[in-house]
Amino acid sequence: MTDSTATSEGITARYEETETERLLTFERDGATAAVGQNVEGYAMLKVRPTADGDELERYYGFDMALDHAAELLGVAQHDLPVPEAADDMGM
Numbered sequence: 003m004t005d006s007t008a009t010s011e012g013i014t015a016r017y018e019e020t021e022t023e024r025l026l027t028f029e030r031d032g033a034t035a036a037v038g039q040n041v042e043g044y045a046m047l048k049v050r051p052t053a054d055g056d057e058l059e060r061y062y063g064f065d066m067a068l069d070h071a072a073e074l075l076g077v078a079q080h081d082l083p084v085p086e087a088a089d090d091m092g093m
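Counting from 3, one number per residue, gives the positions in the sequence shown under the numbering used here.
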């Protein structure tokens, strides 16, 4: 089974699948960011401030979505831990 949680430098990432979406959420010192994609895994990635928040932007590439999520948390993209289960998100 692949890992669905990762922690690094005070940032916790959690990956889960709901009925409609693959969801990667990040939390750092009370701040959150989320990246969602349809459950089939082929649509654009949606960046939101929280798992159930309003969509801020859509991206084709996982790196671009992670960069925006990192910006919401006030960290660099390379600081975000990505659980193994979420490695294949993006188009």
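All residues carry an ideal CB built from backbone N, CA and C; glycine is no exception.
Each residue's CA atom was taken as its position, placing T34 and D89 some 19 Å apart. Within its own chain, the residues whose Cβ lies closer than 6 Å to the Cβ of F64, once the five positions on either side in sequence are excluded, are M91, G92, listed in chain order. For the 9 Å CB-CB criterion, T20 and V41 form a contact. If the five residues before and after A67 are omitted, its C-beta is found closer than 6 Å to the C-beta atoms of V37, L47, V49, Y61, all from its own chain and listed in chain order.
The Cβ atoms of S10 and P83 sit closer than 9 Å to each other.
In its chain, beyond the 5 residues on either side, F28, A35, V37, V49, L82 have a beta carbon closer than 7 Å to the beta carbon of A71. Judged by DSSP in its simplified three-state form, A88 adopts helix.
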